[in-house]
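Comments concern the structure below.
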Ligand code: FES
Ligand code: FES
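Numbering (this note's numbering), first residue to last: 1418 to 1580.
Take a look at the structure:
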């Protein structure tokens, strides 16, 4: 059946089974390959996208359940309040190794800093614990989150370099 979804600020209509996981609708029907398949069981976080700003597992989300909610994928993460700072910190610190888990890591980190602008390392670690990295980039993920948080806090307080 025809299903309309709002993805990355655009209306997209696809013909698919309403039970089809959002992950595969993104990758196959919408040609958005940034969201990755890891476990397919809601355990690894590789498929994390945002639904109305909240992180969800796309592998566990039937497209028929999305309705009018706005989906944001890694391809449009810069549209989120913390997206640009997260992307900049990830690049500065060369966080990715193989890169496979990184879209999910970035989506979760972007959501987190939108909700909690100044998380402690412990809180950040706890929130990020659902995103598994087989290359063990956890230390650099933690450092990048701190850098992105500090950059945003500096901007908010008007103390960024050159301000
Ligand atoms: S692929 Fe969705 S949580 Fe692992
Ligand atoms: S960078 Fe390789 S799985 Fe995380």
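Heads up, the beta-carbon is just placed ideally off N, CA and C, and yes, glycines get one too. Computed from a predicted model, the values in this text were never measured in an experiment.
Residue closest to residue 1518, alpha-carbon to alpha-carbon, out of 1496, 1449, 1553: The residue labelled residue 1518 in the question sits at position 101 within the chain shown. For residue 1518, the closest alpha carbon among the candidates 1496, 1449, 1553 is that of 1553.
query: For residue 1525, which of helix, strand or coil comes out of DSSP?
result: Here residue 1525 refers to the residue found at position 108 when the chain shown is read from its first residue. The three-state secondary structure of residue 1525, taken from DSSP, is helix.
message: Classify residue 1572: buried if its beta carbon has 16 or more other beta carbons within 10 angstroms, exposed otherwise.
response: As a working note, residue 1572 is residue 155 in the chain shown. With fewer than 16 Cβ atoms within 10 Å of its Cβ, residue 1572 is classed as exposed.
task: Could you tell me whether the segment 1501 to 1508 touches the segment 1428 to 1443, using the rule of 3 or more Cβ pairs below 8 Å?
output: The way I'd put it, the segment 1501 to 1508 doesn't touch the segment 1428 to 1443; fewer than three beta-carbon pairs between them come closer than 8 Å.
N-terminal and C-terminal residue of the beta strand (DSSP E) that residue 1501 is part of: For the purposes of this step, residue 1501 is identified with residue 84 of the chain shown, where counting begins at 1. No beta strand (DSSP E) holds residue 1501; the alpha helix (DSSP H) holding it covers 1500 to 1509.
- request: Counting only the same chain and skipping the five closest in sequence on each side, list residues whose C-beta sits under 6 Å from that of residue 1476.
  value: Your numbering for residue 1476 matches position 59 in the chain shown. Annotation for residue 1476: 1438, 1440, 1457, 1464 place their beta carbon closer than 6 Å to its own, counting only its chain and skipping 5 residues before and after.
message: Nearer than 7 Å: is that true of the beta carbon of residue 1520 relative to any heavy atom of ligand 1?
response: Stepping through the chain shown from its first residue, residue 1520 is reached at position 103. No, the Cβ of residue 1520 stays beyond 7 Å of every heavy atom of ligand 1.
message: Quick check: what's the CA-CA separation for residue 1580 versus residue 1569?
response: On the chain shown, residue 1580 is found 163 positions in, with the first residue counted as 1. On the chain shown, residue 1569 is found 152 positions in, with the first residue counted as 1. Because residue 1580 sits at a pLDDT of 43, beneath the cut-off of 50, its placement in the model cannot be relied upon, and the following sentence gives the value as read from the coordinates. Between the alpha carbons of residue 1580 and residue 1569 lies a distance of about 13 Å.
field: Bridge partner(s) assigned by DSSP for residue 1419
entry: Taking the chain shown and counting its residues from 1, the one referred to as residue 1419 is at position 2. According to DSSP, residue pairing for residue 1419 in a beta bridge involves 1432.
field: Endpoints, the beta strand (DSSP E) within which residue 1475 is located
entry: As a position in the chain shown, residue 1475 is number 58, starting the count at 1. No beta strand (DSSP E) holds residue 1475; DSSP gives it neither H nor E.
field: Burial state of residue 1447, where buried means 16 or more other Cβ atoms lie within 10 Å
entry: As a first step, residue 1447 is located in the chain shown; it is residue number 30 there, counting from the start. It counts as buried.
- prompt: Just how far apart, CA to CA, sit residue 1485 and residue 1495?
  reply: Position 68 of the chain shown, counted from the start, is the residue given in the question as residue 1485. Position 78 of the chain shown, counted from the start, is the residue given in the question as residue 1495. Computed Cα separation, rounded: 21 Å.
message: ligand 2 and residue 1517: does any heavy atom of the ligand fall closer than 7 Å to the residue's C-beta?
response: To locate residue 1517, count along the chain shown from 1; it is residue 100. Relative to ligand 2, residue 1517 has its C-beta within less than 7 Å of a heavy atom.
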